[in-house]
Amino acid sequence: MAEMMKKIGSQVNEHISAAVTLCEIQGTMLIPEYVNAKSHNAPPWQVRLEGKIVNQRKKIGHLHTYLNFADPSRKLLRYVRLIASEFRMRTKDPNFNNRIAVICDTMKHKIKALVNRSRRYKERVKRYKNNSLFYKNTKLFYRTLEQSDTAEGAPPSPNDVRTFWSGIWENDISHDENAFWMDEVESKIPKHNMPDITITAEDISGTQFHTSQFLVEVFQKHS
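If you're matching positions, the sequence shown starts at 1 in full-length UniProt numbering and goes up one per residue.
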């Protein structure tokens with residue numbers, strides 16, 4: 001029985017080793033960490049973009065190593081040939097190394113574009129959450145705005161404040177009020193007068209009716 005279990009374990013190890021070797025040759029990753037979105041509660045689009053960035057950086061690392069080492073390993077050559085096949089390149093090309101350098105630079109630009117796209121998506125999600133929070137819980141929205149990441153420290157002394165602002169406001173500065181470009185700017189400004197607007201008590205009460213109670217209390221407190 002023990003010999004049979006040992007034989008089965010040896011066969012399983014051989015099959016696993018063969019599968020891992022085949023995946024390495026084909027460039028397939030086995031269970032990448034960034035695929036599991038539930039591990040860090042990231043949205044699917046963020047997981048997808050981060051996965052593309054990780055994959056591109058890995059390829060750039062292989063190409064950079066290939067271009068900077070005179071005697072690359074066989075494993076590295078397999079990776080480079082696999083990347084070259086994605087761009088329909090042949091290793092027999094006399095300008096193979098130059099084209100690999102161009103591909104490496106192109107991948108760097110792709111990573112920069114993916115990072116910018118991820119940043120824009122995150123800003124869009126942040127704006128959406130803030131807008132939703134403002135309509136659902138205005139008080140909590142303003143509380144989150146008050147939470148800043150600035151480091152706490154001692155406030156400046158009155159002498160430091162006076163010295164700072166005096167260096168800005170007490171300096172004699174002469175302005176050229178007859179500059180030619182000022183006349184050009186004034187000529188482009190349309191001559192429109194703002195109409196007179198009369199605000200009545202009914203307008204204020206109607207606005208307060210459609211405003212949350214928290215904002216009404218804030219307005220009354222500072223009025």
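Ideal placement from N, C-alpha and C gives every residue a C-beta, glycine not left out. Note that the coordinates shown come from a computational prediction; the quantities given were computed from them, not determined experimentally.
Just the Cα atoms here: how many angstroms apart are Lys75 and Leu140?
Position 75 of the sequence shown holds residue 75. Position 140 of the sequence shown holds residue 140. So the two alpha carbons sit approximately 55 Å from each other.
How would you label Tyr34, buried or exposed, when you count the other beta carbons within 10 angstroms and need 16 or more for buried?
In the sequence shown, the residue the question calls residue 34 occupies position 34. With a pLDDT of 46 at Tyr34, under the threshold of 50, the modelled position of this residue cannot be trusted; read the value that follows with caution. Tyr34 comes out buried.
Can you give, in chain order, each stretch of the alpha helix (DSSP H) that sits fully within the segment 80-147 and has at least 4 residues?
96-136 and 138-146
Just mark Leu77 as buried or exposed, buried being the case when its beta carbon has 16 or more other beta carbons within 10 Å.
Residue 77 sits at position 77 when you count from the first residue of the sequence shown. Exposed is the call here.
Please state the DSSP three-state secondary structure of Tyr34.
For the purposes of this step, residue 34 is taken as residue 34 along the sequence shown, with counting starting at 1. In this prediction, Tyr34 has a pLDDT of 46, which is less than 50 and means its spatial position is unreliable; what the coordinates show is noted afterwards. Tyr34: helix per DSSP, three-state reduction.
Using 7 Å as the threshold, is the C-beta distance between Ile100 and Leu63 below it?
Translated into positions along the sequence shown, residue 100 becomes position 100. Translated into positions along the sequence shown, residue 63 becomes position 63. Yes, the Cβ-Cβ distance between Ile100 and Leu63 is below 7 Å.
Just confirm the distance between the C-beta atoms of Leu114 and Ile53, as a whole number of angstroms; I'd bet it's less than 8 Å.
On the sequence shown, position 114 is the one that residue 114 refers to. On the sequence shown, position 53 is the one that residue 53 refers to. Confirmed, about 5 Å.
How should Val80 be labelled, buried or exposed, when 16 other C-beta atoms within 10 angstroms of its C-beta is the threshold for buried?
As a working mapping, residue 80 is identified with position 80 in the sequence shown. Buried.
Whole angstroms are fine: how far does the CA of Leu145 sit from the CA of Asn171?
As a working mapping, residue 171 is identified with position 171 in the sequence shown. As a working mapping, residue 145 is identified with position 145 in the sequence shown. Whole-angstrom Cα-Cα distance: 36 Å.
If Ser157 and Leu49 are in contact, beta carbons under 8 Å, what's the gap, nearest whole angstrom?
Numbered from its first residue, the sequence shown carries residue 157 at position 157. Numbered from its first residue, the sequence shown carries residue 49 at position 49. Actually they are not in contact, since the Cβ atoms of Ser157 and Leu49 sit about 48 Å apart, beyond 8 Å.
Alpha carbon of Thr207 to alpha carbon of Ser132, nearest angstrom:
For the purposes of this step, residue 207 is taken as residue 207 along the sequence shown, with counting starting at 1. For the purposes of this step, residue 132 is taken as residue 132 along the sequence shown, with counting starting at 1. Those two C-alpha atoms are separated by around 21 Å.
Give me the Cβ distance between Trp45 and Tyr128, rounded to the nearest whole Å; I'm assuming they're in contact under 8 Å.
Working through the sequence shown from its first residue, we reach residue 45 at position 45. Working through the sequence shown from its first residue, we reach residue 128 at position 128. With a Cβ gap of about 13 Å, Trp45 and Tyr128 do not count as contacting.
Rounding to the nearest angstrom, what Cα-Cα distance links residue 249 and Ser205 in this structure?
Here the chain has residues from 1 to 223 only, and residue 249 is not among them.
Just mark Asp71 as buried or exposed, buried being the case when its beta carbon has 16 or more other beta carbons within 10 Å.
Against the sequence shown, residue 71 aligns to sequence position 71. Classification of Asp71: exposed, given that the 10 Å Cβ count is below 16.
Helix, strand or coil for Ser39, going by three-state DSSP, please let me know.
Taking the first residue of the sequence shown as position 1, residue 39 is located at position 39. Any reading at Ser39 must be qualified, since the residue scores a pLDDT of 46, below 50, and its modelled position is unreliable; the value itself is stated next. The answer is helix: DSSP assigns Ser39 an H, G or I state.
In angstroms with no decimal places, state the Cα-to-Cα distance between Pro103 and Thr21.
Sequence index remark: in the sequence shown, residue 103 carries index 103 (1-based). Sequence index remark: in the sequence shown, residue 21 carries index 21 (1-based). The question names Pro, but residue 103 is Ile in the sequence shown. C-alpha separation (whole angstroms): 26 Å.
Report yes if the CB atom of Gln56 is closer than 7 Å to the CB atom of Met89, and no otherwise.
Position 56 of the sequence shown, counted from the first residue, corresponds to residue 56. Position 89 of the sequence shown, counted from the first residue, corresponds to residue 89. Not closer than 7 Å, so no.
Tell me where the alpha helix (DSSP H) around Pro158 begins and ends.
Taking the sequence shown and counting its residues from 1, the one referred to as residue 158 is at position 158. Start and end: Pro158 to Trp169.
Quick check on Ile16: buried or exposed, where buried means 16 or more other Cβ atoms within 10 Å of its Cβ?
Counted from its first residue, the sequence shown places residue 16 at position 16. It is exposed - the Cβ of Ile16 has fewer than 16 other Cβ atoms within 10 Å.
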